[in-house]
Structure formats: structure tokens, C-alpha cells
Amino acid sequence: MKDHNTKDLTAWLQASPAIAILRGVKPEEVVEIGAALIETGIRIIEVPLNSPDPLVSISNLAKHFGDKALIGAGTVVDCTMVKRIAQAGGRLTVSPHACADVVQKAKVLDMYAVPGFFTPTEAFDMIEAGADGLKLFPAEAASPAVLKSLRAVLPRTMPVIPVGSINADNMDGWLEAGAAGFGFGGALYKPGFTAQKVAKRARAIMRMIQPAQAAE
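First residue of the sequence shown: 1, per UniProt numbering; consecutive thereafter.
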């Protein structure tokens, strides 16, 4: 694999189609949990900014795993936070909404930007702003059929990542519709989970996603 700073987001997603969303994680536990995730093959980890001391957690992850994983922040709703994420060692910003200011600030700082979207207008506005990928959120309010229609008009190389209620029952449909990867939050980590429990869930997710990819 190439050095992490030279990969585009598609390469990261090909290596790690499962994205860990560690909402509520604490700095004192994040390194052990990050190690468990990486051991299972998950290489993209985001710490939502509404977690306890998220910048400390991002810094801890970046110091320990920045050479082998893409570390960043989720729930980035304010462009003023983007510089602080970068200073903490984060290389990725993920937003729940379509905000051109956040995307453009991330790109100025040479970070990956994945804004949320739900409509074609939002998707194309974010592509125009410079997004590296698009987060279809909340996915449970859409469907694989919606994604398939979007893929027919979106740039072929633009990754779309559904987030919300993805599981073994519906993953095949999303992949067939063109999903480049998936974000896993509560299905993978909730506050209070041990690293061992996270590893067990991560292994189950990887077993679920890899056969689905192979069958795509």
C-alpha cells in the first residue's frame, strides 16, 4: 500500500470499506480500541466531535496509528473546527450535512472531506466545493434504489458512503447500487464497550462485508 498521505479516498475505501464511527469514545480508551479495529482490518476511524475531548482522542489515534490508518473527525458542522482537527493529526472531516465551507476549509488544509447529502442538488453542490466523497445520510431514509439513481448521474469516480442502519440483510443491495463503503456507529461501538467487544463486532462486520464485496 502506498504511503497514507498519497492515497485518494477511493484507495482507502478499497482497503477499508468499513468505517468505524466511535461516537462517545474517551481519550483514555481510544488507543486500545483503535488497535482492535486495525487488527481486524478496519483502517478508517472517525471520532465524532460530540464525543468527550474528541481532539485528544484524534491526537492519540494519529500518534499511534497515523502511518497505517486514516484518522479523522465526524459530526464536523463548523469550519472553524477543521484547523483544530488538522492540528490534532486528523486527516479526514466527515459532516452530517452539506456545507461547502467545511469542505473548502478541509481541502485548503490538504485533508479529505466527506460531507453529508440527501438530494442530488446537495450532492452536486458538494462535488463543486471539492468533496472527496459523499455521505448518504441518513441511509435508512433512502434506499439502494435511490443510490442507484444517483449513481447514474454522479461522477463515476465519486465515492458514495451510506451511513445508517446498514446490516447483513441490506448490504448486498447497497453494494449492487454502487456504495463504496459504509459507516458503522452503534453496530460497532457504543460508550462502555471494551476493546474486546469492539474487536468481536468488527470481525463480524468484516466477515459480513468481505463476501458481499466479492459477490458484487
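All C-beta atoms, glycine included, are put in the ideal place defined by N, C-alpha and C.
- DSSP places Ala180 in the coil class of the three-state scheme, outside both helix and strand.
- In its chain, beyond the 5 residues on either side, Pro159, Ala180 and Gly181 have a beta carbon closer than 7 Å to the beta carbon of Leu13.
- In this structure, Lys148 lies near Ala177, with their beta-carbon atoms less than 7 Å apart.
- Taking a cut-off of 8 Å for Cβ pairs, the segment 119-133 and the segment 73-91 do not touch, as fewer than three such pairs fall below it.
- A residue is called buried when at least 16 other Cβ atoms come within 10 angstroms of its Cβ; Thr40 meets this threshold and is buried.
- The distance from the Cβ of Val56 to that of Val25 is about 10 Å, inconsistent with a contact at the 8 Å cut-off.
- Ranked by Cα distance from Lys135, the first of Asp53, Ile19, Lys197 and Ser51 is Ile19.
- Look at Lys200 here: in three-state DSSP terms it is helix.
- Between the alpha carbons of Arg207 and Gly164 lies a gap of roughly 19 Å.
- As DSSP reads the structure, Ala18 sits in a beta bridge with Phe182.
- The DSSP-derived three-state label of Ile45 is strand.
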